[in-house]
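So the structure is just underneath, and the comments pick up after that.
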Amino acid sequence: MESYECTVTILDLNDYCLESIFDYLEGKDLINFAETCSRARQVFKHWSSFRYVNFFVVEEISTYELKLLSIVAENVRKLCIYVDDLNVFLSRNYGKNKNYFFNKFCMLINDMTSLQSFGLWQYTKKVSTRSIFLALQKKNLKNLQICAPKCESAALRSFTELEMLSLNVQLSSKDLLKSCQSMRQLRALHLTDRVGNSSLKDIIYHCSNLQELSFYIKTKKNNINCTTLKGTGATDIFGALADSAKCLKSLIVHGIICDLNQAKQLAGISTLRILKCSFANADCVLALRNLTLLEELRISFKCDVNISSIYLDLIRECAHLYLLSIVDFNVQPDFAIKAAEVRKEFVNRRPLVLQIYGHRNSTIEPTAADIDKRLVIYRCMTLQELLKL
Numbered sequence: 001m002e003s004y005e006c007t008v009t010i011l012d013l014n015d016y017c018l019e020s021i022f023d024y025l026e027g028k029d030l031i032n033f034a035e036t037c038s039r040a041r042q043v044f045k046h047w048s049s050f051r052y053v054n055f056f057v058v059e060e061i062s063t064y065e066l067k068l069l070s071i072v073a074e075n076v077r078k079l080c081i082y083v084d085d086l087n088v089f090l091s092r093n094y095g096k097n098k099n100y101f102f103n104k105f106c107m108l109i110n111d112m113t114s115l116q117s118f119g120l121w122q123y124t125k126k127v128s129t130r131s132i133f134l135a136l137q138k139k140n141l142k143n144l145q146i147c148a149p150k151c152e153s154a155a156l157r158s159f160t161e162l163e164m165l166s167l168n169v170q171l172s173s174k175d176l177l178k179s180c181q182s183m184r185q186l187r188a189l190h191l192t193d194r195v196g197n198s199s200l201k202d203i204i205y206h207c208s209n210l211q212e213l214s215f216y217i218k219t220k221k222n223n224i225n226c227t228t229l230k231g232t233g234a235t236d237i238f239g240a241l242a243d244s245a246k247c248l249k250s251l252i253v254h255g256i257i258c259d260l261n262q263a264k265q266l267a268g269i270s271t272l273r274i275l276k277c278s279f280a281n282a283d284c285v286l287a288l289r290n291l292t293l294l295e296e297l298r299i300s301f302k303c304d305v306n307i308s309s310i311y312l313d314l315i316r317e318c319a320h321l322y323l324l325s326i327v328d329f330n331v332q333p334d335f336a337i338k339a340a341e342v343r344k345e346f347v348n349r350r351p352l353v354l355q356i357y358g359h360r361n362s363t364i365e366p367t368a369a370d371i372d373k374r375l376v377i378y379r380c381m382t383l384q385e386l387l388k389l
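Have a look at this one:
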């Protein structure tokens with residue numbers, strides 16, 4: 001009887017078997033096998049489509065990582081780049097040819113057809129990021145975060161489908177308005193003090209679907225306790241938010257508000273669920289009682305004055321409040337007990353989480369230990385929470 005030898009190579013395996021092999025490979029072995037032939041590469045692309053959707057070019061970048069990125073580029077949905085780290089890698093590995101490979105990297109971004117979220121961090125001016133933004137121009141980005149010495153406003157204007165924009169760049173109010181007025185889908189806008197914000201009133205008109213906003217207000221010269229904005233002023237911005245931003249749920253205001261009119265306009269944003277701000281007088285704090293839908297309130301009052309009664313009034317009026325973050329020199333030692341007594345007035349409400357920071361934790365804690373945790377949960381504020389104030 002004649003016998004037949006059957007020779008089967010690894011590439012004769014079906015896609016499922018090849019994907020199973022990929023599951024057991026790591027690092028360079030994974031990439032080397034994926035590049036054995038066009039079929040292996042195609043199967044690897046499908047296998048990696050759910051594994052490499054987020055990619056971070058940061059710190060110790062390796063040739064292997066960039067090669068992996070070149071293979072899975074069309075599957076990447078979120079890309080974060082630390083430009084300075086990338087520049088160090090290219091300089092160390094390619095020397096005088098680094099600009100050529102930087103441009104190749106930008107071409108790779110252009111191939112990312114699924115890209116929806118992009119973040120760029122740069123702290124030196126050694127590398128121009130213009131090529132990166134040119135590669136992003138035709139992308140339908142939903143999220144964009146930029147921290148860089150500067151950014152040309154023209155580079156931002158093509159991102160008309162953005163839902164989240166975070167800027168930490170030197171940008172004028174005029175350029176910010178030009179960039180944002182076509183972003184009708186914008187849901188979240190976060191600005192640092194390097195971004196001019198006197199045009200916020202007009203931006204709010206164009207971006208009426210805003211749900212989250214954070215910005216800085218400027219301090220008056222020779223007066224560290226009061227703040228004002230150049231141009232339209234904080235009063236006008238808060239007024240515009242109350243009138244036009246009917247979807248706004250979260251507001252973070254960096255800087256101290258001391259003007260009562262500003263506080264009243266702020267309290268007119270009736271849709272707010274989350275608020276973080278600082279005040280210089282008690283009347284401004286009292287105005288917040290009109291924000292009856294508030295769920296989270298992080299507030300710092302910049303005077304060494306006991307305003308326990310005002311905070312208790314806020315707890316009473318803001319029936320949905322479940323997080324109150326304050327500093328201890330504004331409340332009396334038995335504040336947690338008093339807060340629990342107020343919460344008794346509400347039926348079937350989740351307990352209030354009370355975060356207090358300061359030097360009197362030792363006097364507040366003993367009185368808070370015996371309170372009913374179904375009413376109030378007292379917590380010493382962590383450093384991470386303190387930074388949120």
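Take the sequence shown: its position 156, counted from the start at 1, is 156 in the UniProt record's numbering, and no numbers get skipped. Just so it is clear, CB atoms sit at the ideal spot from N, CA and C, and this is done for glycine as well.
query, result
"As assigned by DSSP and simplified to three states, the class of I31", "helix"
"Cutoff 7 Å; reference V353; Cβ partners in own chain excluding five residues on either side", "Y322, L323, I377, R379"
"Inter-residue CB distance, V331 and Y311 (contact presumed, cutoff 8 Å)", "6 Å"
"Residue range of the beta strand (DSSP E) that includes N168", "164-170"
"Alpha-carbon spacing of L229 relative to H320, whole angstroms", "Note that L229 scores 46 on pLDDT, short of 50, meaning its location in the model is unreliable; the coordinates nonetheless yield the value given after this. Roughly 32 Å separates the two Cα atoms."
"For E296, the residue or residues it bridges with in DSSP", "I274, L323"
"Proximity winner among Q185, V195, W121, relative to D175 (alpha-carbon distances)", "V195"
"Beta-carbon gap between L141 and F105 smaller than 8 Å", "no"
"Exposed unless 16 or more other CB atoms sit within 10 angstroms - verdict on Q137", "exposed"
"Cut-off 6 Å between Cβ atoms - residues of its own chain near V58, not counting five sequence neighbours on either side", "Y82, D85"
"DSSP three-state assignment for A188, whether helix, strand or coil", "strand"
"Nearest residue (CA-CA) to Y357, options R298, Y94, G95", "R298"
"Buried or exposed by the 16-neighbour rule on C-beta atoms within 10 Å, applied to K18", "Looking at the sequence itself, residue 18 is Leu, so the reference to Lys does not match. Buried is the call here."
"Limits of the alpha helix (DSSP H) - the one that S49 falls within", "That residue, S49, is in no alpha helix (DSSP H); it is neither H nor E in DSSP."
"Whole-angstrom distance between C37 and S182, CA atom to CA atom", "45 Å"
"Own chain partners of N54 with C-beta closer than 6 Å, once the 5 adjacent residues on each side are dropped", "K78"
"Buried versus exposed call for F50 [16 or more other C-beta atoms within 10 Å across all chains shown]", "exposed"
"From S153, Q145, M107, A339, residue whose alpha carbon lies closest to that of E317", "A339"
"Closer than 8 Å to chain C by CB, G268", "The chain labelled as chain C is not found in the depicted structure, where only one protein chain is given."
"V347 burial status per 10 Å Cβ neighbour count (16 or more: buried)", "exposed"
"Helix, strand or coil at A280 [DSSP, three-state]", "coil"
"Buried or exposed by the 16-neighbour rule on C-beta atoms within 10 Å, applied to residue 391", "One cannot answer for residue 391 here, as it falls past the ends of the chain, which runs 1 to 389."
"R187 to C303 span [Cα, whole Å]", "34 Å"
"8 Å contact criterion, which A248 and L213 should meet: CB distance rounded", "Looking at the sequence itself, residue 248 is Leu, so the reference to Ala does not match. Contact holds; Cβ gap of about 6 Å."
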